[in-house]
Amino acid sequence: MSKAGILFVISGPSGGGKGTVVKRFRELVPDIGFSVSATTRAPRDGEEDGKDYYFVSREEFLRMIECGEMLEYNEFCGNLYGTPKKEADRAREAGVDLILEIESNGAFNVKKNYPDAVLIMLIPESMKELEERLRSRASEPEDVIVRRLATAEHEVRLAPRYDYIVVNEKDKIDECAEELVGILTAEHKKSGRMNDAVNNFLNNR
Ligand code: 5GP
109 MSKAGILFVI SGPSGGGKGT VVKRFRELVP DIGFSVSATT RAPRDGEEDG
159 KDYYFVSREE FLRMIECGEM LEYNEFCGNL YGTPKKEADR AREAGVDLIL
209 EIESNGAFNV KKNYPDAVLI MLIPESMKEL EERLRSRASE PEDVIVRRLA
259 TAEHEVRLAP RYDYIVVNEK DKIDECAEEL VGILTAEHKK SGRMNDAVNN
309 FLNNR
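Numbering (the working numbering), first residue to last: 109 to 313.
Structure follows, in structure tokens:
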């Protein structure tokens, strides 16, 4: 089997610009894969089935759990979200790095199954900044915004359990995406992932 790809698990408050940064990161590293999650949430304007999410009914989601098709899943603000196993397995087997954009419970579950997964928490500068961003998105009713803010506070308090924390400053999308590239580059140079280079040196004389 080829060398396993690295799982890059990216979490952070929803509405904090995480999606925009991840999109830029993917442009900078076009070879990296992106795990498309399944969700019972309704699509937002512009979201496409099979690209942003697999939008499924609650019944279908529960069937996938029942059949062991989910690598991890969690309920978030009233909807179910999960990573289909096949997304991660396909990338790992092909030796391709894969981004999982998922919330913290899911992130810790992935780490349990794949201890070499790299957990990165992307946080906005402040709660104030996050609230402004959520409100300007104007895609959710007030009660959902209030829930998302409370969940954000809870998630950011878990940040010390992540491997890396990256601050996503307003209007600094490129800088933030480049910091993610830096992490990716460094992770590939970890001694445990450089056995081929060491063996190549020793075996060619
Ligand atoms: P949103 O509704 O804003 O797209 O996503 C809400 C939250 O669910 C975000 O924090 C997002 O990262 C998380 N999420 C998306 N897909 C998954 C998944 O497959 N598993 C888990 N555990 N969380 C997910």
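Think of the CB as a built atom: it goes at the ideal place given N, C-alpha and C, for glycine as much as any other residue.
Rounded to the nearest angstrom, what separates residue i and residue j at their Cα positions?
i, j, result
"S145", "M178", "10 Å"
"V264", "S234", "10 Å"
"M109", "G141", "Residue placement at M109 cannot be trusted, given a pLDDT of 45 that sits under 50; what the coordinates show is reported in the next sentence. Whole-angstrom Cα-Cα distance: 18 Å."
"A215", "S119", "7 Å"
"L136", "T148", "30 Å"
"A196", "L115", "8 Å"
"K236", "N276", "14 Å"
"R166", "K194", "19 Å"
"G123", "E156", "18 Å"
"R301", "V204", "14 Å"
Could you check what DSSP says for residue i in three-state terms: helix, strand or coil?
i, result
"E209", "strand"
"G314", "Outside the shown range of the chain, which is 109 to 313, sits residue 314, and nothing can be said about it."
"K217", "Checking the sequence, you will find Asn at residue 217 rather than Lys. Here N217 sits in helix by DSSP."
"A305", "helix"
"A146", "strand"
"D139", "coil"
"L266", "coil"
"M109", "Since pLDDT at M109 reaches only 45, below the 50 mark, its modelled position is unreliable, and no value is offered."
"D157", "strand"
"N312", "coil"
"E237", "helix"
"E180", "strand"
Closer than 7 Å: is that where the CB of residue i sits relative to any heavy atom of the ligand 5GP?
i, result
"R269", "no"
"G214", "yes"
"R149", "yes"
"S122", "yes"
"T293", "no"
"I67", "Residue coverage of the chain in this structure runs from 109 to 313, which leaves residue 67 outside it and unanswerable."
"T191", "yes"
"Y162", "no"
"S247", "no"
"E180", "yes"
"S145", "yes"
"S119", "yes"
Taking the alpha carbon of residue i as the point to measure from, which residue in the options has its own alpha carbon closest?
i, options, result
"I273", "E168, R200, V117 and Y162", "V117"
"V289", "P121, V252 and K131", "K131"
"Y181", "P138, Y161 and E211", "E211"
"D160", "E277, A202 and I207", "I207"
"C185", "I228, I231, E195 and A258", "A258"
"N187", "P151, N307, D271 and G158", "P151"
"F163", "H296, T191, N311 and V226", "T191"
"L227", "G154, P121, R269 and A260", "R269"
Over what stretch of residues does the alpha helix (DSSP H) that includes residue i continue unbroken?
i, result
"I281", "I281 to H296"
"I273", "Taken as a continuous stretch (DSSP letters only), I273 belongs to no alpha helix (DSSP H), being part of the beta strand (DSSP E) at Y272 to V275."
"E328", "No answer is possible for residue 328: it lies beyond the span of the chain, which begins at 109 and ends at 313."
"S173", "The sequence given here places Ile at residue 173; Ser does not occur at that position. It spans R166 to E174 - the alpha helix (DSSP H) in which I173 sits, taken as one unbroken run."
What first and last residue would you give for the beta strand (DSSP E) that runs through residue i?
i, result
"I118", "L115 to S119"
"Y222", "Taken as a continuous stretch (DSSP letters only), Y222 belongs to no beta strand (DSSP E), as it is neither H nor E."
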